[in-house]
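A.B. asks: Below is the structure I would like to discuss, written out as structure tokens.
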């Protein structure tokens, strides 16, 4: 607790922002409507959360979504008997349901896996049966370790809706629990309120009628039969308009434009029929209605339940529509009619009664649509329990009876079938397994950062207990830090399992140093020790005892967990924004016009059509071939004392900081980008610090970021790499910049990064021992001399446990025989440089840091000295793929098609009067 008058310390009991993946499909409007309701509640529960969407049918393959939609519309509209036969067979024949769910689950699961890998969610919500089938398959076969819930957007579940492998299957009414329990024995079940947007709620009918341009003196009857307008809509409309002028019929046709045209052409008395297409303000229309007439019992019926509008089901459509109607009628929430006469009689009876709301019971519902229950389901406490929170009923006892007992028996059978391989695990991507294979006893593959922290608001330093408490509260929502490497067999790549519980205290060391000690020895020892791989491979050390309440926090994780962008993304989820909570809230995918599903979906990036697609594919193939030729033509790296054999694995970390305004001013003057300028300064500093004899060049591996808009960088190695020779010969600073700029742009435009990625993936397809042998052969000092990484992310000013971050130094991983690595990170007004090297090269590191600062000073002096000379007009940029890349002080990235692009830094153009390099 803070002392009186002191600023309040942070409270880590607040909700933690999450990464939530919504698995839906554009087939009807109900699945996306349920997903939007869940997304809305996610942002309310966990402000700042990021929500991604994936259309199951679209990722299952080209044309699959269109084919499924056409089949569904044809079956319901033209061959309802066939649709009814399929649906009934799922209930009658258990083997058929199992086979159908297995086939579709394997199909969808394999296609969903790359999307899940790229987005790295810590919670998955499914609103589409085939999506749920795919997620259940991934749970069984690949150990999908994040919480997964399935929300049934129909009132009556069927076997394709419910899965025992998921953490929770959520229905909308207690009456649906027995049906769901029969659909999938042993499945964990829960009940929630109708999953609709918050705008669907009871309200003033008269005011709603005025807002919808309806006559408040008349009784509005809304006829809405889903987005496709299935069923006997015209028959119902003809019967309703004949009731009289006291009834105003509103026909909502959704996407069915032909139905809207036919209804508009009906000859009815004026004012009795209003024809609408897609209605954006459906909540207000339902509040204005005295009655809803529908025929499917899907999302529209759930929205009516939330608003309290009575429901009449007229001639329900086949299969799920009839089942929904029967169960809603049995629960007292709807009435059914099968002829125009019974429809008219039922409507008149309802309208003669006083207006009253018909609401689903809420006392048995999980709060917040069941999202917190699903989020807790993979934690040690087991999440929801009881009749509405697990197993659909009482827990199974040790004899294996009961729903949970059946689930346990099936799990045991699966383990027996798997033999000695142990539980299912998610295989590492080839790029991630690469860094597991290349680890040696002397070169541990670990990356991270060292943070310099100021005092907390109360003037004291950050403590280990406070840091542990922060991590303990946030680890459940950060899947990356709960991943653990497991062996999947001699011939298979290693895999990930996600631990339900990670003891934050076991991953944090707290060291107190004596007065006058800056903690450098502690930091060096921290980076010298390899990470244990029998638990999630990450660790922290907090150095206390520094003057004025300052501390140092070193964070490292195994390179197989992610690259530099992933480290930054994970850190930004662990630390606090230097602004009010929730201000970083990121909106989910927008709801498009005419009720179309969200436009921004994962795994469905738009591609050129027709000839454009062919030309683009040919261009990519050509670039990759050129890149393969470049890789094949590269010889061995130059011989240098930096790569001499060293027996000690001890590391030394040397840090430096350069002024960002100075670096950007020099970059603008030299028509270079910040990454190019920093690489040139690195070459000059290496030339100065290199021990004799100094070669003419050094081979550097330079990380290149692919377009990050296509993924969320929180886990995995998604960056590519190019190799280039850094000139060490004596030359003017401006000449070195020009040489490095040409070399880097040539490497980026050569297709080497794409070719290296292809080789990585091809190696991963080989048996694990062969993959490991090849990885260790190519990732050594025979192919490169030094590792250089420029992290293309702006690390904003933030807090750790209330302690402000003063600096953040990146630390890169080394390779076998490569004892020197250089990382550069832009943060605020500085470029932070971290040099990690073997302790035998400590003098080289110190000399490099001094030479780096001197090199920038010399360059600025050279630039300023040329201020009076006429500016030499140089090449401001290069062209690749029709896009101009200018000298804007940005960061090199590869675009989605492989073209070279640069992140623009505002105000980076070369203004008049600023001297230019020759």
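Numbering (this note's numbering), first residue to last: 699 to 1616.
For every residue, glycine included, the Cβ atom is placed at its ideal position computed from N, Cα and C.
Assign residue 1424 to one of two classes, buried (16 or more other C-beta atoms within 10 Å of its C-beta) or exposed (fewer than that).
C.D. replies: Against the chain shown, residue 1424 aligns to sequence position 726. Burial call: buried.
A.B. asks: Rounded to the nearest angstrom, how far is the Cβ of residue 1535 from that of residue 1542, given a contact under 8 Å?
C.D. replies: As a position in the chain shown, residue 1535 is number 837, starting the count at 1. As a position in the chain shown, residue 1542 is number 844, starting the count at 1. Correct: roughly 7 Å between the Cβ atoms.
A.B. asks: State the beta-bridge partners of residue 824 as determined by DSSP.
C.D. replies: What you label residue 824 is simply residue 126 of the chain shown in a count that begins at 1. For residue 824, which the question treats as bridged, DSSP gives the partners 721, 848.
A.B. asks: I'd like the span of the beta strand (DSSP E) that includes residue 1518, first residue to last.
C.D. replies: On the chain shown, residue 1518 is found 820 positions in, with the first residue counted as 1. Looking at the DSSP string, the run of the beta strand (DSSP E) that includes residue 1518 is 1518 to 1525.
A.B. asks: Looking at the strands, I want to know which residues DSSP matches up with residue 1144.
C.D. replies: On the chain shown, residue 1144 is found 446 positions in, with the first residue counted as 1. In DSSP, residue 1144 forms a bridge with 1256.
A.B. asks: Whose C-alpha, out of 797, 1499, 804, 812, is nearest the C-alpha of residue 1161?
C.D. replies: Position 463 of the chain shown holds residue 1161. Selected option, being the one with the closest Cα: 1499.
A.B. asks: Residue 1617: which of 772, 1478, 1206, 1154 sits nearest, CA to CA?
C.D. replies: The question about residue 1617 has no answer here: the residues shown for the chain are numbered 699 through 1616.
A.B. asks: Taking all protein chains shown into account, decide if residue 1039 is buried (16 or more other Cβ within 10 angstroms of its Cβ) or exposed.
C.D. replies: Numbered from its first residue, the chain shown carries residue 1039 at position 341. Exposed, because fewer than 16 other Cβ atoms sit within 10 Å of the Cβ of residue 1039.
A.B. asks: Compute the Euclidean distance between the alpha carbons of residue 1116 and residue 1229, then round it to the nearest angstrom.
C.D. replies: As a working mapping, residue 1116 is identified with position 418 in the chain shown. As a working mapping, residue 1229 is identified with position 531 in the chain shown. The predicted position of residue 1116 is uncertain, since its pLDDT is 46 and thus under 50; a value taken from the coordinates is nonetheless stated next. Their backbone Cα atoms lie some 30 Å apart in a straight line.
A.B. asks: To the nearest angstrom, how far is it from the Cα of residue 975 to the Cα of residue 926?
C.D. replies: Reading the chain shown from its first residue, position 277 is the one you call residue 975. Reading the chain shown from its first residue, position 228 is the one you call residue 926. Going from the Cα of residue 975 to the Cα of residue 926 covers about 11 Å.
A.B. asks: Classify residue 1370 as helix, strand or coil using the three-state DSSP reduction.
C.D. replies: Position 672 of the chain shown holds residue 1370. In the structure shown, residue 1370 sits in coil (DSSP, three-state: anything other than H, G, I, E or B).
A.B. asks: Going by beta carbon distance, what residues of the same chain come within less than 6 Å of residue 1210, once the five residues before and after it are set aside?
C.D. replies: One-based indexing of the chain shown puts residue 1210 at position 512. Contacts found: 1242, 1243.
A.B. asks: Could you tell me how far apart the beta carbons of residue 1350 and residue 1537 are, in whole angstroms, since I believe they sit closer than 8 Å?
C.D. replies: Start at 1 with the first residue of the chain shown, and residue 1350 comes out as number 652. Start at 1 with the first residue of the chain shown, and residue 1537 comes out as number 839. Correct: roughly 5 Å between the Cβ atoms.
A.B. asks: By the 10 Å Cβ neighbour count, where 16 or more other Cβ atoms means buried, how is residue 1144 classified, buried or exposed?
C.D. replies: As a working note, residue 1144 is residue 446 in the chain shown. Answer is buried; the Cβ neighbour count reaches 16.
A.B. asks: Is the separation between the beta-carbon of residue 998 and that of residue 906 shorter than 7 Å?
C.D. replies: In the chain shown, residue 998 corresponds to position 300, counting from 1. In the chain shown, residue 906 corresponds to position 208, counting from 1. In this structure, residue 906 does not lie closer than 7 Å to residue 998 by Cβ.
A.B. asks: May I have a chain-ordered list of the alpha helix (DSSP H) segments no shorter than 4 residues that lie completely inside the segment 1387 to 1468?
C.D. replies: 1431 to 1447, 1450 to 1462
A.B. asks: In the structure shown, what three-state DSSP assignment does residue 927 receive?
C.D. replies: On the chain shown, residue 927 is found 229 positions in, with the first residue counted as 1. Residue state, collapsed to three classes: coil.
A.B. asks: Given a cut-off of 7 Å, decide if residue 1546 and residue 1387 are closer than it, judged by their beta-carbon atoms.
C.D. replies: Residue numbering aside, residue 1387 sits at position 689 when the chain shown is read from its first letter. Residue numbering aside, residue 1546 sits at position 848 when the chain shown is read from its first letter. Going by C-beta atoms, residue 1387 is nearer than 7 Å to residue 1546.
A.B. asks: Please give the ranges of any alpha helix (DSSP H) in the segment 743 to 776, keeping only runs that are unbroken, at least 4 residues long and fully inside the region.
C.D. replies: 754 to 757, 762 to 775
A.B. asks: Check residue 1009 in the structure and name its three-state DSSP category.
C.D. replies: Reading the chain shown from its first residue, position 311 is the one you call residue 1009. Strand, per DSSP.
A.B. asks: Just to check my reading of the structure: residue 1154 and residue 1501 have Cβ atoms closer than 8 Å, yes? What is that Cβ distance to the nearest angstrom?
C.D. replies: Translated into the one-based positions of the chain shown, residue 1154 becomes position 456. Translated into the one-based positions of the chain shown, residue 1501 becomes position 803. So it is a contact: roughly 5 Å between Cβ atoms.
A.B. asks: Between residue 725 and residue 766, how many whole angstroms is the CB-CB distance? I'm expecting something under 8 Å.
C.D. replies: By 1-based counting over the chain shown, the position of residue 725 is 27. By 1-based counting over the chain shown, the position of residue 766 is 68. 6 Å between Cβ atoms; contact.
A.B. asks: Any idea what DSSP makes of residue 741, helix, strand or coil?
C.D. replies: Taking the chain shown and counting its residues from 1, one reaches residue 741 at position 43. The answer is helix: DSSP assigns residue 741 an H, G or I state.
A.B. asks: I want to know whether the segment 1460 to 1471 touches the segment 1216 to 1231 - three or more CB-CB distances under 8 Å.
C.D. replies: Contact between the segment 1460 to 1471 and the segment 1216 to 1231 is not established, with fewer than three Cβ pairs separated by less than 8 Å.
A.B. asks: Pull up the DSSP beta-bridge partners for residue 684, would you.
C.D. replies: The displayed coordinates of the chain run from 699 to 1616. Any statement about residue 684 would go beyond what the structure contains.
A.B. asks: Tell me which residue opens and which closes the beta strand (DSSP E) that residue 1353 is part of.
C.D. replies: Here residue 1353 corresponds to residue number 655 of the chain shown, with the count starting at 1. Note, residue 1353: beta strand (DSSP E), 1349 to 1357.
A.B. asks: If you check the beta carbons only, do residue 939 and residue 931 fall under 7 Å apart?
C.D. replies: Along the chain shown, read from residue 1 onward, the residue named residue 939 stands at position 241. Along the chain shown, read from residue 1 onward, the residue named residue 931 stands at position 233. Not a contact, by the Cβ cut-off of 7 Å.
A.B. asks: I need the straight-line Cα distance from residue 1169 to residue 714, nearest angstrom please.
C.D. replies: Within the chain shown, the letter at position 471 stands for residue 1169. Within the chain shown, the letter at position 16 stands for residue 714. Approximately 11 Å between the Cα atoms of the pair.
A.B. asks: In the DSSP assignment, what are the bridge partners of residue 1030?
C.D. replies: Residue numbering aside, residue 1030 sits at position 332 when the chain shown is read from its first letter. Note: residue 1030 sits in no beta bridge, so no partner.
A.B. asks: Given residue 1127, which residues of its chain have a CB within under 8 Å of its CB, disregarding the five upstream and five downstream residues?
C.D. replies: In the chain shown, the residue the question calls residue 1127 occupies position 429. Here the set comprises 815, 1414, 1415, 1462.
A.B. asks: Touching or not, the segment 1017 to 1028 and the segment 899 to 916, by the rule of three or more beta carbon pairs under 8 Å?
C.D. replies: Not touching, per the Cβ criterion.
A.B. asks: Specify the secondary structure class of residue 941 as computed by DSSP and reduced to three states.
C.D. replies: Taking the chain shown and counting its residues from 1, one reaches residue 941 at position 243. In the structure shown, residue 941 sits in coil (DSSP, three-state: anything other than H, G, I, E or B).
A.B. asks: Could you give the distance in angstroms between the alpha-carbon of residue 1250 and the alpha-carbon of residue 1004?
C.D. replies: Position 552 of the chain shown, counting from 1, holds the residue named residue 1250. Position 306 of the chain shown, counting from 1, holds the residue named residue 1004. Their Cα atoms are separated by approximately 53 Å.
A.B. asks: Give the straight-line distance between the Cα atoms of residue 1259 and residue 1178, rounded to the nearest whole angstrom.
C.D. replies: Numbered from 1 along the chain shown, position 561 holds the residue referred to as residue 1259. Numbered from 1 along the chain shown, position 480 holds the residue referred to as residue 1178. Each residue's alpha carbon lies about 7 Å from the other.
A.B. asks: Note down the Cα distance separating residue 1008 from residue 1015, rounded to an integer number of angstroms.
C.D. replies: Here residue 1008 refers to the residue found at position 310 of the chain shown. Here residue 1015 refers to the residue found at position 317 of the chain shown. Looking at the two C-alpha atoms, the distance is approximately 19 Å.
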